[in-house]
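Participant: If you scroll down you'll find the structure; I have some questions about it.
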Amino acid sequence: MIWLIMRLRRDFATWDRPIQISVLTGAILLLVALVVGIFAPPQARAPILIGAGLLLLVVQVAVLWGNRGMINTYSQAQRHYLAGEFDVAVRVLEAARATGKINARLLTLLGNTYRQLGRLDESAAVLYEAVDKTPDHYFPLIGFGRTLLAQGDYTAAAQTFIRARAVGAPPLTLVDLGEALHRQGDSEGARAALIESLGAPFENMPERALMQAYLLYRLGETEAPEPALIAAGLPFWAAASERFAHTPYGAALYDDIQSMHGLAGEQ
Numbered sequence: 008m009i010w011l012i013m014r015l016r017r018d019f020a021t022w023d024r025p026i027q028i029s030v031l032t033g034a035i036l037l038l039v040a041l042v043v044g045i046f047a048p049p050q051a052r053a054p055i056l057i058g059a060g061l062l063l064l065v066v067q068v069a070v071l072w073g074n075r076g077m078i079n080t081y082s083q084a085q086r087h088y089l090a091g092e093f094d095v096a097v098r099v100l101e102a103a104r105a106t107g108k109i110n111a112r113l114l115t116l117l118g119n120t121y122r123q124l125g126r127l128d129e130s131a132a133v134l135y136e137a138v139d140k141t142p143d144h145y146f147p148l149i150g151f152g153r154t155l156l157a158q159g160d161y162t163a164a165a166q167t168f169i170r171a172r173a174v175g176a177p178p179l180t181l182v183d184l185g186e187a188l189h190r191q192g193d194s195e196g197a198r199a200a201l202i203e204s205l206g207a208p209f210e211n212m213p214e215r216a217l218m219q220a221y222l223l224y225r226l227g228e229t230e231a232p233e234p235a236l237i238a239a240g241l242p243f244w245a246a247a248s249e250r251f252a253h254t255p256y257g258a259a260l261y262d263d264i265q266s267m268h269g270l271a272g273e274q
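The following block contains the structure:
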């Protein structure tokens, strides 16, 4: 709830003036109606509460209308992102940012898209801005952590994933945390995070399932990943290794990929 209020407060400045007036007027009238309803005679409370409900509906419609441009921009950019059309997604998001009408959700998608293009410094800057806008929401924190990981800043990445988990990030984030801890040399911390991640739903993300299985194998906790899982998840990590070849993370991934190829050939 606090995060929602903070997000509305920040988005408010980007709305059209009539929408701002409508939301403020509706909120004030709603507050007045609630106060009057508390002190009104019992027989008068029902119509007052009905009126308050209608006012709340009006405010909600105004908020949705105020965010209509951002919702459309996000949907459009996300479609391109999911299709692997990162250059197009960046153009859509950068155009929104140039107008000054951009929220933390759009900034997070922009930062994640920069990372997919290997533009890590820009990704880190934009995601830091997104985290600053919504410090208590895990969505930008996960993106920021993954960019820090790609840069090879494993300690900062691990701290960011821990922070994301503290504000409700899903169990899948523990795989990212386990990877960051493993790469900084904290085997015990990595083992604990990865074991805790067991049973997390991967939902068509074989690359995350592969990293979990591979790291647990490297830590001596499980058998080697099955060849089918290696075949399904390896292309993602091979592409990431090429994309981040200029960082310590890219070099570490390259070594892991060679090891996974070996494991697939042995089985």
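When we follow the numbering used here, the leftmost residue of the sequence shown carries the number 8, and every step to the right adds one.
The beta-carbon is built from N, C-alpha and C at its ideal position, and this holds for glycine as well.
In this text the structure is predicted, and so the values were computed from the model without any measurement.
#1: Inspect the CB distances between the stretch 248-267 and the stretch 168-185 and report whether three or more fall short of 8 angstroms.
#2: Pick out whichever of Leu217, Trp244, Pro242 and Ile35 has its Cα sitting closest to the Cα of alanine 231.
#3: With a cut-off of 8 angstroms on the beta carbons, I'd call glutamate 129 and tyrosine 121 a contact; round off their distance for me.
#4: Use the C-beta contact count for arginine 153: other C-beta atoms within 10 angstroms, 16 or more gives buried, fewer gives exposed.
#5: Is leucine 156 closer than 7 angstroms to alanine 187 when the C-beta atoms are compared?
#6: If you drop the 5 nearest sequence neighbours on each side, which residues of the same chain put their C-beta closer than 7 angstroms to that of leucine 270?
#7: Is it the case that the Cβ atoms of tyrosine 161 and arginine 190 are separated by a distance below 7 angstroms?
#8: Apply the 10 Å Cβ neighbour rule to leucine 148 and answer buried if 16 or more other Cβ atoms are within range, or exposed otherwise.
#9: The ligand SAM and histidine 253: does any heavy atom of the ligand fall closer than 6 angstroms to the residue's C-beta?
#10: The alpha helix (DSSP H) that contains valine 172, what's its start and end?
#11: Label asparagine 110 either buried or exposed according to how many other C-beta atoms from any shown protein chain fall within 10 Å of its C-beta, with 16 as the threshold for buried.
#12: In the DSSP assignment, find the alpha helix (DSSP H) that holds arginine 250 and state where it starts and stops.
#13: Could I get the ranges of all uninterrupted alpha helix (DSSP H) runs contained in the stretch 85-117, with 4 residues as the minimum, in chain order?
#14: Report the option in Thr167, Glu228, Ala220 and Leu226 whose CA atom is closest to the CA atom of proline 234.
#15: Go ahead and label serine 248 buried or exposed: buried means 16 or more other beta carbons lie within 10 angstroms of its beta carbon, across all protein chains shown.
#16: Note down, in chain order, each residue of its chain lying with its Cβ closer than 6 angstroms to the Cβ of phenylalanine 209, except the 5 sequence neighbours on either side.
#17: Tell me the rounded alpha-carbon separation between glutamate 203 and glutamine 158.
#18: Within its chain, find whatever has a CB closer than 7 angstroms to the CB of alanine 245; leave out the 5 residues flanking it on each side and keep chain order.
#19: Apart from the five residues on each side of it in sequence, which residues of its chain come closer than 6 angstroms, Cβ to Cβ, to asparagine 119?
#20: Does DSSP put leucine 226 in a helix, a strand or coil?
#21: Would you call arginine 86 buried or exposed, if buried means 16 or more other Cβ atoms sit within 10 Å of its Cβ?
#22: Could you compute how far the alpha carbon of alanine 259 sits from the alpha carbon of aspartate 183?
Facilitator: Quick answer:
#1: no
#2: Leu217
#3: 5 angstroms
#4: buried
#5: yes
#6: Ala231, Pro232 and Ile237
#7: yes
#8: buried
#9: For the structure depicted, the ligand SAM is absent and the ligand set is empty, with no information on it obtainable.
#10: Reading the sequence as shown, one finds arginine at residue 172 and not valine. Looking at the DSSP string, the run of the alpha helix (DSSP H) that includes arginine 172 is 161-173.
#11: buried
#12: 234-250
#13: 93-105
#14: Ala220
#15: buried
#16: Arg215 and Ala216
#17: 25 angstroms
#18: Ile264
#19: Gly150
#20: coil
#21: exposed
#22: 15 angstroms
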